[in-house]
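*Asks:* Note that the sequence shown covers residues 3 to 123 in this note's numbering. Backbone N, C-alpha and C define an ideal beta-carbon position, used for all residues, glycine too.
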Amino acid sequence: MNGAVEAANKNIKKIIGKMTVNYKDWHEMLPFALLAYRTSVRLSTKATSYSLVYGMEAVLPVERMARACNKKVRPRKFAYKYDGPFIVKEVFDGGAIILSDMDGNENTLPVNANALKKYYP
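(1) When DSSP builds the beta bridges, which residues end up paired with residue 34?
(2) Short of 7 Å in beta carbon distance, which residues of its chain neighbour residue 35, apart from the five on each side in sequence? Order them along the chain.
(3) Based on DSSP bridge pairs, tell me the residues matched to residue 101.
(4) So, with DSSP's three-state summary, where would you put residue 114?
(5) How many Å lie between residue 73 and residue 65 at the Cα?
(6) Sort out for me which residues DSSP pairs residue 108 with in a bridge.
(7) For residue 90 and residue 102, I'd like the C-alpha separation in whole angstroms.
(8) So residue 41 and residue 60 are in contact, right, with Cβ under 8 Å, and what is the actual spacing, rounded?
(9) Which class does residue 50 belong to by DSSP, given the choice of helix, strand or coil?
(10) Please state the DSSP three-state secondary structure of residue 61.
(11) Indicate whether residue 140 and residue 87 have their beta-carbon atoms separated by less than 9 Å.
Following this line, the structure appears as structure tokens:
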């Protein structure tokens with residue numbers, strides 16, 4: 003039993019050695035080293051020690067946050083809303099403009115004048 007503990011401690015010591023620049027701050031990296039040790043796959047069992055104990059893979063807080071943010075994202079296509087040329091129907095203060103297409107169908111939403119380009123036939 004003592005040999006297995008020494009082998010585990012040797013691996014944890016190697017992980018901490020790779021993560022720290024000097025050995026004075028090894029205690030700050032210990033939680034990260036233990037997480038890396040517990041979530042790495044062992045060749046003998048072909049599973050992580052975390053999954054053997056808890057029955058599921060470890061989920062990092064960053065992965066949980068990413069999953070929550072990805073639920074809010076809707077897939078969209080990049081396409082132009084306006085396909086013109088357009089006729090200026092009404093101009094408001096502040097640069098808002100109401101447009102209509104060449105057939106006379108009026109667009110209900112105002113458009114900022116800075117977003118428009120002049121059309122030269």
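*Replies:* Answer, in terms of the structure:
(1) DSSP, once it has assigned bridges, lists no residue as partnering residue 34.
(2) The answer, listed in chain order, is 14, 17, 18 and 21.
(3) DSSP output for residue 101 lists 90 as bridge partner(s).
(4) Residue state, collapsed to three classes: strand.
(5) About 12 Å.
(6) 102, per the DSSP bridge assignment.
(7) The straight-line gap from Cα to Cα measures roughly 7 Å.
(8) Residue 41 to residue 60, Cβ: 5 Å. Contact.
(9) In the structure shown, residue 50 adopts extended strand secondary structure according to DSSP, grouped into three states.
(10) Secondary structure of residue 61 (DSSP, three-state): coil.
(11) Limits of the chain in this structure are 3 at one end and 123 at the other, which puts residue 140 out of reach.
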